[in-house]
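In short: position in the sequence shown from 1, add 2, done, that's my numbering. The C-beta atom is built at its ideal place from N, Cα and C for all residues, glycine as well. Heads up, the thing below is written out as structure tokens.
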Amino acid sequence: MKRTGFIKRLMIFALSAVLTLGMLTGCKDKQVYTQEEASSTAVVKIGEYTIYLDEMIVYAIQDFYLQGGDSATFDEVSDAYRKLTILSTLRENKIIYDVSQNNGLELTEEDKEFVTQSIANFKTKIGQGLLNKYGISDELLERLFYEQACVTKFENDMKNDLGKTIQDDLTKEYADTKFMTFYYMTFPTVEVVDGQPATDANGNYISISEADKAKVKADAEEAVQRISNGEDYITVAQEYGIASYCQETNGYSGAYSEEMNAVIEGLKDGDVSKPLESTLGYNVVVMINSDDENLKESYIYSVASEGVESEFEKLRQMWLGTIEIDAEGDKIGTTWDDFDLKGLLVNMEEAGLVE
């Protein structure tokens, strides 16, 4: 009897040890959080802001929902990389939100309605069950979506302001510049192999004979006369076998050589230039539109768009520098490093939220 009692006590002790060990090791793979746990577990400091686990989890859910993932191939490298990118995204958003508030940005009633609808859509797509499982409260979602909307509005407003300024400057710069659409024809005076100018061992173009060159010049002059008489320039190019060396192109006065600029600036709609000799042959310009305002607007818009991206990135880097970041030192404990990100991915896969 005494031996039996000892064995029972030993078994109870062993079971207790297993349960205790499971509780300790289960912290890293914890998959259920109360709202109190998730909202009170500090993860990282960003300037004066303390970020808690529930906020990090929402950003993780958004990251997986937008970027996708595959739990079957999710390894330690994937875990570390995704945690880094999620934390970086949150840091950047929080800093730019801070800048937006310091600049007095406020959401309009329409913006707020959009935030409300975005939250409703998010909850519908993600499902209340998953949100409850990770302790995500409605109050948190309202705050995060509000902050993210402020960031988006602030960035868009800045881009719009930059775009208007750059576009206005370009409009003034090109006010007296004519943008043109023309058909550029080339009658080759060099040998052509597989559609490309042939070169010798020294890389120099191989010219055709003088007799052949004279014939090409005569063809170019004849083509000019035919087009001037009303024949279709594309048909003419085909008949002379040079269609593959011709193209409709866009440009503006001042963008070419001095000689070429003089040629195109002197042409009106429907005019044809005399053959202009170049390294590769005799060139003929058929003017389609000598003052294309739509082309000018498109060009200015394109250049302005590139300028906006460049100038905006400079602004963005300036904003991000307003709060000093210590990538590792700002972390609070190892909560985020230990978080079971793969477990979240599995849960989202099972809910059909990622592919």
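Run through the DSSP bridge pairs and tell me what residue i is partnered with.
i: Gln198; result: Val195
i: Asn263; result: None, per the DSSP bridge assignment.
i: Tyr254; result: Phe181
i: Thr188; result: Asn285
i: Val46; result: Ile53 and Lys333
i: Asn158; result: Answer is none; Asn158 lacks a bridge partner.
i: Asn291; result: Thr183
According to DSSP, simplified to helix, strand and coil, what is residue i?
i: Ile53; result: strand
i: Phe341; result: coil
i: Ser209; result: strand
i: Leu146; result: helix
i: Lys114; result: helix
i: Ala245; result: helix
i: Leu278; result: strand
i: Gly165; result: helix
i: Asn105; result: coil
i: Asp100; result: helix
i: Thr324; result: coil
i: Phe66; result: helix
i: Phe314; result: helix
i: Ala216; result: helix
i: Lys270; result: coil
i: Ala82; result: helix
i: Val305; result: helix
i: Gln33; result: coil
i: Asp77; result: coil
i: Ser120; result: helix
i: Val348; result: helix
i: Ser139; result: coil
Near residue i, which residues of its chain fall below 6 Å by C-beta distance, leaving aside the five closest residues on each side in sequence?
i: Gly24; result: Confidence at Gly24 is low in this model, with a pLDDT of 37, below 50, so the placement of that residue is unreliable and no value is reported for it.
i: Lys333; result: Val46
i: Tyr35; result: Tyr136 and Gly137
i: Phe339; result: Here the sequence assigns Asp to residue 339, which means Phe is not the residue at that position. So the list is empty, once near-sequence residues are dropped.
Please check the pair residue i and residue j, which I expect to be a contact at CB under 8 Å, by giving their CB distance rounded to whole angstroms.
i: Thr183; j: Asn252; result: 5 Å
i: Asn291; j: Asp271; result: 6 Å
i: Ser102; j: Val153; result: 6 Å
i: Ile229; j: Val288; result: 6 Å
i: Ile236; j: Thr188; result: With a Cβ gap of about 14 Å, Ile236 and Thr188 do not count as contacting.
i: Leu92; j: Ile53; result: 7 Å
i: Thr337; j: Leu55; result: 6 Å
i: Leu282; j: Pro190; result: 6 Å
i: Tyr176; j: Ile302; result: 6 Å
i: Lys161; j: Val310; result: 6 Å
i: Val192; j: Ile210; result: 7 Å
Straight-line CA distance for residue i to residue j?
i: Lys344; j: Thr179; result: 59 Å
i: Gly335; j: Val79; result: 21 Å
i: Gln240; j: Ile208; result: 24 Å
i: Thr118; j: Val46; result: 27 Å
i: Leu132; j: Val348; result: 11 Å
i: Gly354; j: Phe76; result: 17 Å
i: Glu94; j: Leu322; result: 7 Å
i: Lys114; j: Phe314; result: 25 Å
i: Ala62; j: Tyr136; result: 11 Å
i: Glu260; j: Glu267; result: 11 Å
i: Tyr284; j: Ala203; result: 24 Å
i: Gly197; j: Ser246; result: 8 Å
i: Val218; j: Tyr254; result: 28 Å
i: Ala213; j: Ala306; result: 50 Å
i: Glu299; j: Lys155; result: 26 Å
i: Ala200; j: Glu357; result: 52 Å
i: Ser42; j: Ser312; result: 40 Å
i: Glu57; j: Asn104; result: 22 Å
i: Lys316; j: Asp159; result: 15 Å
i: Gln150; j: Glu112; result: 15 Å
i: Lys216; j: Ala257; result: In the sequence under discussion, the amino acid at residue 216 is Ala, which differs from the Lys named in the question. Those two C-alpha atoms are separated by around 30 Å.
i: Phe124; j: Arg84; result: 21 Å
i: Gln64; j: Gly129; result: 13 Å
i: Glu38; j: Thr110; result: 32 Å
i: Glu157; j: Leu269; result: 45 Å
Could you check whether the Cβ of residue i sits closer than 9 Å to any Cβ belonging to chain B?
i: Tyr247; result: The structure shown contains no chain B, having only a single protein chain.
Please list, in chain order, all residues of the same chain as residue i whose beta carbon is under 8 Å from its beta carbon, the five residues on each side excluded.
i: Val60; result: Ile138, Leu142, Leu143 and Leu146
i: Ser73; result: Lys344, Leu347, Val348 and Glu351
i: Gln169; result: Ile302, Tyr303 and Ala306
i: Glu108; result: none
i: Asp81; result: Leu343 and Lys344
Identify, in the order they occur along the chain, each residue of the same chain with its Cβ nearer than 7 Å to the Cβ of residue i, setting aside the five sequence neighbours on each side.
i: Ile325; result: Ile48, Gly49, Ile97 and Asp100
i: Glu330; result: none
i: Asp294; result: Phe181, Met182 and Thr183
i: Tyr185; result: Tyr235, Cys248, Glu250, Val288 and Ile290
i: Glu223; result: Pro277
i: Val238; result: Ala225, Arg228 and Ile229
i: Asp221; result: Phe189 and Tyr242
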